[in-house]
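Peer 1: Protein chains in written order, with the numbering used here: chain A, 6 to 908; chain B, 6 to 72. All residues carry an ideal CB built from backbone N, CA and C; glycine is no exception. Only a predicted model underlies this, so the values are computations on that prediction, with no experimental measurement involved.
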Amino acid sequence: MSLGIVLLFLFAYLSLLFGIAWWTDRRVKLGSRMMSNPAFYAMSLAVYCTAWTFYGSVGKASTSGISFIAVYLGPTLLMPLMFPLFQKVIGIAKAQNLTSIADFISARYGKHAMLGILVTLFLFVSMVPYIALQLKAIATTLPMLLGESNASAMLKGNLQDTTAFYTMLVMALFSVLFGTRNLDPNERHDGLVAAISFESLIKLVAFLAVGIFVTFVLYKDPVSLFQDAQNTQSHLFKSAGENIHGWDWFFTILLSAFATLLLPRQFHIGVVENQNVRHVKTAVWLYPLYLLLINIFVLPVAIAGNLLFTDGSTSADTYVLSIPLSTQHYWLALLVFIGGFSAAMSMVIVETVAMSIMMSNHLFMPYLLRMGVAKDKEVSNLSFLVLTARRLSIFLVLIASYAYYSTISDKYTLVSIGMISFAGVSQLAPAFLGGLFWTGANRKGAVAGIVTGFLLWALLLPFPLLAQAGLLPSGFIESGYLGISWLQPFHLFGMQDMDAITNGAFWSLLLNTLVFVLVSIYAQPEIQELSQADFFVHFKKYFKGQHEPEVVRREARMEDVVYLLHKFLGEERTQLALRSYGKEKGLNTNMLVKADSDLVNYVETILSGALGAPSARLVIDSIAKSAPISLDELVAVLNQTQEIMEYSKALEVKSKQLEETTHRLQAANQQLLELDQLKADFITTVTHELRTPVTSIKALARILFDHPELEIARRDQYLDIIVQESERITRLINQVLDIEKIQTQQNSNRELVDLNELAEIAAATVVELMTQKEIVLEMNLGDSAIQVLGQRDRIMQVLINLLSNAIKFCPEHGGNIQLSVQKQSDIAILTVSDNGIGIKEEDQKKLFEKFSQLHDGIGGKPGGSGLGLYISRQIVEAHGGRISVNSQPGNGASFKVEWPLAN
Amino acid sequence: MERKRNTYLIVLFFTAFVLVNPPMITMFSGKRLIYGIPSLYWYVFVVWALIIGAVYWIHRPGKRKAS
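#1: Around the Cβ of S351 of chain A, are there at least 16 other Cβ atoms within 10 angstroms (buried) or fewer (exposed)?
#2: With a cut-off of 8 angstroms, does the C-beta of Q235 of chain A fall near any C-beta of chain B?
#3: Once the 5 residues before and after I299 of chain A are set aside, which same chain residues still bring their CB inside 7 angstroms of it?
#4: Ignore the nearest five residues each way along the sequence and tell me which others in A768 of chain A's own chain have a CB closer than 8 angstroms to its CB.
#5: Are any of the Cβ atoms in chain A nearer than 8 angstroms to that of V51 of chain B?
#6: Starting from N102 of chain A and walking both ways along the alpha helix (DSSP H), at which residues does that stretch end?
#7: Let me know if H240 of chain A comes out buried or exposed under the rule of 16 or more other beta-carbons within 10 Å of its beta-carbon.
#8: Is G800 of chain A near K828 of chain A, with beta carbons less than 8 angstroms apart?
#9: Less than 8 angstroms between CB atoms is the rule here; does L55 of chain B satisfy it with respect to chain A?
#10: Smallest Cα separation from Y409 of chain A: which of A:L140, A:S261 and A:M596?
#11: Please check the pair I207 of chain A and A169 of chain A, which I expect to be a contact at CB under 8 angstroms, by giving their CB distance rounded to whole angstroms.
#12: Quick check on R887 of chain A: does DSSP put it in helix, strand or coil?
#13: Measure the C-alpha to C-alpha separation of L763 of chain A and L794 of chain A and round it to an integer number of angstroms.
#14: Are the C-beta of K36 of chain B and some C-beta of chain A separated by less than 8 angstroms?
#15: Does the contact criterion of 3 or more C-beta pairs under 8 angstroms hold for the segment 341 to 349 of chain A versus the segment 88 to 106 of chain A?
#16: Could you confirm whether any beta carbon from chain A is found closer than 8 angstroms to the beta carbon of V60 of chain B?
#17: Less than 6 angstroms between C-beta atoms, sequence neighbours within five positions excluded: which residues of the same chain meet that for Y486 of chain A?
#18: Under a Cβ-count criterion, where at least 16 other Cβ atoms within 10 Å of its own Cβ denotes burial, should L535 of chain A be classed as buried or exposed?
#19: For the segment 250 to 260 of chain A against the segment 75 to 87 of chain A, do three or more pairs of beta-carbon atoms, one drawn from each stretch, fall closer than 8 angstroms, so that the two count as touching?
#20: Thinking C-beta only, is S365 of chain A closer than 8 angstroms to I249 of chain A?
#21: With a 10 Å radius around its C-beta and 16 neighbouring C-beta atoms as the bar for buried, classify M159 of chain A as buried or exposed.
#22: What are the start and end residues of the beta strand (DSSP E) that includes K9 of chain B?
#23: Name the residue from A:T237, A:L852 and A:Y114 whose alpha carbon lies nearest to the alpha carbon of E531 of chain A.
#24: Short check: CB of L514 of chain A to CB of G480 of chain A, under 8 angstroms?
#25: Given a limit of 9 angstroms on CB to CB distance, which residues of the segment 59 to 92 of chain A reach chain B?
#26: Which term fits P28 of chain B, buried or exposed, when burial requires 16 or more other beta carbons within 10 angstroms of its beta carbon?
#27: For Q893 of chain A, which residues in the same chain have their Cβ closer than 7 angstroms to its Cβ, ignoring the five residues on either side in sequence?
#28: On the DSSP letters alone, give me the boundaries of the beta strand (DSSP E) that I10 of chain A sits inside.
#29: Whole angstroms is fine: what's the gap from T167 of chain A's alpha carbon to T146 of chain A's?
#30: Check whether the segment 21 to 32 of chain A touches the segment 261 to 270 of chain A, counting contact only when three or more Cβ pairs, one atom from each stretch, lie closer than 8 angstroms.
#31: Just reading off the beta strand (DSSP E) that S513 of chain A is part of, what are its end residues?
#32: Along chain A, in chain order, which residues have C-beta atoms closer than 8 angstroms to that of I42 of chain B?
#33: In chain B, which residues lie less than 9 angstroms from V306 of chain A when you measure between Cβ atoms?
#34: Hey, D322 of chain A and G61 of chain A are a contact pair by Cβ (cut 8 angstroms); roughly how many whole angstroms apart?
#35: Taking the beta strand (DSSP E) that A833 of chain A falls in, what are its first and last residues?
#36: Under a three-way DSSP split, which group does V282 of chain A fall into?
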């Protein structure tokens with residue numbers, strides 16, 4: 006294909022791109038909202054796919070199969086986390102107007118100039134080879150398209166260099182025109198983004214075209230292609246963990262994910278050029294879909310290339326172009342070349358624009374401003390100065406890249422240079438991600454981590470590779486740095502089995518992260534860092550602040566904060582609270598002059614515990630804002646609040662006491678109610694017992710009154726019953742009175758009583774009753790006097806009670822009662838036993854209670870009030886004694902009374 | 006709503022991470038062809054497409070507008 010045709014098409018294509026960029030800029034200026042379509046955002050993110058993707062993937066696939074795909078799986082794996090992450094990153098960048106990755110990192114760590122310079126320089130070092138790689142891709146492919154067989158080797162070399170040079174110029178021109186045309190405060194370049202999106206489309210179309218050609222035209226279908234390869238190239242079908250080391254695969258994924266976030270061009274397109282955070286929601290699926298499509302034919306093309314070019318004279322990196330050329334499909338080859346040119350160009354342009362923003366903002370402008378250049382200039386001249394710095398930076402980056410290309414880039418494959426740049430840019434990941442999620446991350450940690458990471462990266466990756474290329478003495482690769490064997494750059498600390506990239510990425514990222522974390526923990530952050538740390542990490546609360554105007558950023562003088570805490574918490578608790586806060590945040594609160602919003606929030610939370618949330622808010626507002634009420638006034642008001650709170654606390658205690666008292670009263674009341682019930686029962690029973698005899702007396706008296714003619718015998722009988730019933734009433738009343746007496750006068754009228762004597766008198770009293778029922782009484786009295794201290798009449802009452810009970814339950818004939826009085830050590834024991842009907846066990850328990858009368862169904866209701874045994878028990882217990890019964894139904898009963906002997 | 010979505014996203018991230026890394030990926034290694042295409046090729050691209058589909062489903066536009 007002749008140079009003229011190629012240049013014509015190239016020129017047409019470039020004109021189209023310039024046209025798109027120019028037209029877009031114009032439309033947007035006139036108020037068009039065309040760029041608010043999220044597809045532009047997603048497509049321009051595909052600037053990730055460079056000439057490396059376009060040519061290099063096939064090169065890598067031709068030797069190691071599917072392992073090339075890890076570079077695209079990294080971004081894909083990032084996509085699920087992309088929206089929450091970018092919501093934060095874009096929000097922060099827009100809120101603080103941050104326009105590059107260097108700006109972002111230096112802003113996070115206190116907007117310190119030093120960090121910005123550091124990041125910019127390191128990125129410059131990492132990106133120049135990567136840009137050179139793009140120049141190389143175009144410089145190698147253009148001569149091929151023109152027909153390298155026609156050109157001599159010498160001419161070919163010249164042609165390549167010339168191509169690279171002019172390519173560089175064209176790209177510089179485009180970058181300058183659309184990247185630095187005017188100074189946009191947001192660093193938005195709509196025309197540039199539109200052109201980049203278009204280029205993304207072109208490179209996808211071009212690659213799909215060659216893929217479909219190879220798979221479906223050159224071979225009938227993929228099946229026949231893979232079958233051809235199955236035996237000769239089956240190693241290409243093996244996965245990571247088999248044909249390449251699993252860790253190599255993992256680290257490629259990791260580095261490419263970091264690169265998607267941190268590469269200057271990715272940050273520029275993804276964050277700075279973002280029009281609307283919602284566009285990210287489209288990009289998270291459209292962008293990986295793009296990556297999938299552009300990679301789907303890589304392996305078929307690689308296999309076809311391996312099958313076609315068996316002699317090894319054709320570099321696998323150029324298969325994409327060589328295949329259509331060798332099969333005389335020149336138009337396809339031209340499309341492929343333009344696709345590759347697009348891939349390279351879009352990357353170079355965005356990368357240089359992003360680098361130029363960094364370089365002018367962090368290197369040139371601070372320097373110029375410090376030199377006083379800006380002071381005597383007018384504003385318009387200042388912006389011209391910035392643009393000039395940008396343009397100079399663009400040329401500087403591109404000239405450095407060209408120089409790098411012409412010196413060494415032909416020594417590497419496309420992929421290895423790309424991966425080294427990825428590993429370099431990944432050194433920003435700990436400081437970037439740590440800064441987003443960890444308030445403790447500080448500037449000293451970030452600087453130490455980044456410097457450590459980049460030094461190790463340089464020592465482990467670019468240096469040994471430069472040495473391998475013959476630009477440095479290469480002895481240290483084998484013998485190790487300083488001649489120490491475990492400092493071999495490709496096998497640091499003796500690590501084997503991993504390739505150079507994995508080895509370098511692992512050690513540099515590991516030590517980078519470690520140094521970053523440890524220094525952050527031990528070093529004191531500076532005061533201006535703290536508010537930025539809070540803003541970046543807790544961005545959401547500031548973000549929400551836009552919708553809730555009352556949630557404002559509050560700052561206060563430390564002096565006021567301490568005064569407040571003292572006022573409400575006292576000296577000791579104030580110190581404790583501040584110390585625990587300082588410990589958590591890794592700072593010394595005594596050194597603070599200003600309390601940032603985080604500390605103010607913390608203090609508010611603490612005060613809420615003492616004052617209640619609304620009061621705490623009021624207090625904080627008085628010191629955190631220029632409040633209309635003075636602090637002293639407010640404190641006076643709040644002292645009252647505190648008093649009220651204390652008062653209410655005291656009330657709470659009182660009410661608790663009251664509650665306890667109420668419980669006790671309730672218990673007492675319950676007891677009283679029970680007693681009352683008992684009393685009521687007692688009266689009911691007594692009146693019932695009284696009514697029965699009264700009723701019969703009344704009836705008999707009426708008969709006698711109404712019938713004076715009754716015979717004498719009948720009249721006497723009735724009168725006798727009346728007398729008996731009257732006696733019964735008298736007895737009952739006496740007994741009830743007795744109970745009252747026993748309970749009230751327990752200890753009066755005590756005298757020495759001889760139980761032997763008393764037993765004899767009692768027996769004599771009841772002997773008449775016993776002879777009537779033919780009962781035999783056996784007396785078993787003690788030899789000497791058995792004396793107890795007590796009331797004689799009462800003890801007698803007990804004896805008569807027990808004896809008359811025994812008589813009552815003895816059978817009519819053959820009754821037998823035993824009365825014994827014995828002395829056992831210091832106790833007098835009196836027993837009354839009978840051979841009567843006995844008492845059931847369950848009845849024995851109730852026996853000594855009021856009005857317990859036994860019903861056995863044989864004897865019917867026995868005569869008596871049911872108070873006898875109850876009174877006996879009362880008397881015995883009043884004398885410090887005990888009464889018990891032992892009985893078996895049908896075998897009689899034995900009552901035993903124990904009294905303490907008198908002395 | 007947002008919390009639920011973020012939970013889905015994190016689960017998806019870890020699932021995807023496991024699916025595309027060894028040892029999972031080694032299960033499909035080898036020269037076996039399925040419908041004439043290497044099994045590993047099938048596996049990687051199907052998993053890839055599923056991840057994209059899941060990301061799309063979680064961020065699908067209609068659902069968010071309704072809330």
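Peer 2: The short version:
#1: Along the first sequence, one-based indexing puts residue 351 of chain A at 346. S351 of chain A should be labelled buried.
#2: On the first sequence, residue 235 of chain A is found 230 positions in, with the first residue counted as 1. With 8 angstroms as the cut-off, Q235 of chain A counts as an interface residue toward chain B.
#3: Taking the first residue of the first sequence as position 1, residue 299 of chain A is located at position 294. For I299 of chain A, where only same-chain residues beyond five positions count, the Cβ hits under 7 angstroms are C54, T58, L209 and F212.
#4: One-based indexing of the first sequence puts residue 768 of chain A at position 763. Cβ within range, chain order: L782, M784, L808 and L824.
#5: In the second sequence, residue 51 of chain B corresponds to position 46, counting from 1. Not an interface residue.
#6: As a working mapping, residue 102 of chain A is identified with position 97 in the first sequence. Element bounds for N102 of chain A: n/a, residue is neither H nor E.
#7: For the purposes of this step, residue 240 of chain A is taken as residue 235 along the first sequence, with counting starting at 1. Flag for H240 of chain A reads exposed.
#8: For this step, residue 800 of chain A is matched to residue 795 along the first sequence. For this step, residue 828 of chain A is matched to residue 823 along the first sequence. One point to set straight first is that residue 800 of chain A is Ile, not Gly, in the sequence displayed. Result no, Cβ atoms of I800 of chain A and K828 of chain A do not sit closer than 8 angstroms.
#9: For the purposes of this step, residue 55 of chain B is taken as residue 50 along the second sequence, with counting starting at 1. Judged by the 8 angstroms Cβ criterion, L55 of chain B is not in contact with chain A.
#10: To locate residue 409 of chain A, count along the first sequence from 1; it is residue 404. Out of A:L140, A:S261 and A:M596, A:L140 has the C-alpha closest to the C-alpha of Y409 of chain A.
#11: The residue you call residue 207 of chain A lines up with position 202 of the first sequence. The residue you call residue 169 of chain A lines up with position 164 of the first sequence. About 21 angstroms; that fails the 8 angstroms criterion.
#12: On the first sequence, position 882 is the one that residue 887 of chain A refers to. Collapsing the DSSP output to three states places R887 of chain A in a strand.
#13: Counting from 1 along the first sequence, the entry for residue 763 of chain A is found at position 758. Counting from 1 along the first sequence, the entry for residue 794 of chain A is found at position 789. Rounded to the nearest angstrom, the gap between the Cα atoms of L763 of chain A and L794 of chain A is 13 angstroms.
#14: As a first step, residue 36 of chain B is located in the second sequence; it is residue number 31 there, counting from the start. Yes, K36 of chain B lies at the interface with chain A (some Cβ there is under 8 angstroms from its Cβ).
#15: Touching, no.
#16: On the second sequence, position 55 is the one that residue 60 of chain B refers to. Answer yes: the Cβ-Cβ gap between V60 of chain B and chain A drops below 8 angstroms somewhere.
#17: Stepping through the first sequence from its first residue, residue 486 of chain A is reached at position 481. Within the same chain, L492 come within 6 angstroms of Y486 of chain A by CB-CB distance, once the 5 residues on both sides are set aside.
#18: Your numbering for residue 535 of chain A matches position 530 in the first sequence. It counts as buried.
#19: Result yes; three or more Cβ-Cβ pairs closer than 8 angstroms.
#20: The sequence position of residue 249 of chain A within the first sequence is 244, counting from 1. The sequence position of residue 365 of chain A within the first sequence is 360, counting from 1. Cβ distance not < 8 angstroms, so I249 of chain A and S365 of chain A don't count as in contact.
#21: The residue you call residue 159 of chain A lines up with position 154 of the first sequence. No answer about M159 of chain A holds up, because its pLDDT of 48 lies below 50 and its placement is not dependable.
#22: Here residue 9 of chain B refers to the residue found at position 4 of the second sequence. In the DSSP assignment, K9 of chain B falls outside any beta strand (DSSP E) and lies within the alpha helix (DSSP H) extending over E7 to V25.
#23: Against the first sequence, residue 531 of chain A aligns to sequence position 526. Of A:T237, A:L852 and A:Y114, the smallest CA-CA separation from E531 of chain A is found for A:Y114.
#24: Taking the first residue of the first sequence as 1, we reach residue 514 of chain A at position 509. Taking the first residue of the first sequence as 1, we reach residue 480 of chain A at position 475. Cβ atoms of L514 of chain A and G480 of chain A: not closer than 8 angstroms.
#25: Those would be G70, I71, I74, A75, Y77, L78, T81, L82, L83, M84, P85, L86, M87, F88 and P89, in chain order.
#26: Here residue 28 of chain B is taken as the residue at index 23 of the second sequence, counted from 1. In summary, P28 of chain B is exposed, with fewer than 16 beta-carbon neighbours lying within 10 Å of its beta-carbon over all protein chains present.
#27: Taking the first residue of the first sequence as 1, we reach residue 893 of chain A at position 888. By the criterion of a C-beta distance shorter than 7 angstroms, Q893 of chain A is surrounded in its chain by G843, once the five residues flanking it on both sides are discounted.
#28: The residue labelled residue 10 of chain A in the question sits at position 5 within the first sequence. Counting along the chain, I10 of chain A sits inside no beta strand (DSSP E); it lies in the alpha helix (DSSP H) bounded by residues L8 to K34.
#29: Counted from its first residue, the first sequence places residue 167 of chain A at position 162. Counted from its first residue, the first sequence places residue 146 of chain A at position 141. Cα-Cα distance, rounded: 13 angstroms.
#30: No: fewer than three Cβ pairs fall under 8 angstroms.
#31: Walking along the first sequence from the start, residue 513 of chain A turns up at place 508. First-last for S513 of chain A: A505 to Y527, but that is the alpha helix (DSSP H), not the beta strand (DSSP E).
#32: On the second sequence, position 37 is the one that residue 42 of chain B refers to. Per Cβ cutoff of 8 angstroms: P227, V228 and F231.
#33: Within the first sequence, residue 306 of chain A is the residue found at index 301, counting from 1. In chain B, no part has a C-beta under 9 angstroms from the C-beta of V306 of chain A; the shortest such distance is about 13 angstroms.
#34: Numbered from its first residue, the first sequence carries residue 322 of chain A at position 317. Numbered from its first residue, the first sequence carries residue 61 of chain A at position 56. The pair is a contact, with the Cβ atoms about 6 angstroms apart (cut-off 8 angstroms).
#35: In the first sequence, the residue the question calls residue 833 of chain A occupies position 828. Run containing A833 of chain A: I832 to D839, per the beta strand (DSSP E) assignment.
#36: Residue numbering aside, residue 282 of chain A sits at position 277 when the first sequence is read from its first letter. The DSSP-derived three-state label of V282 of chain A is coil.
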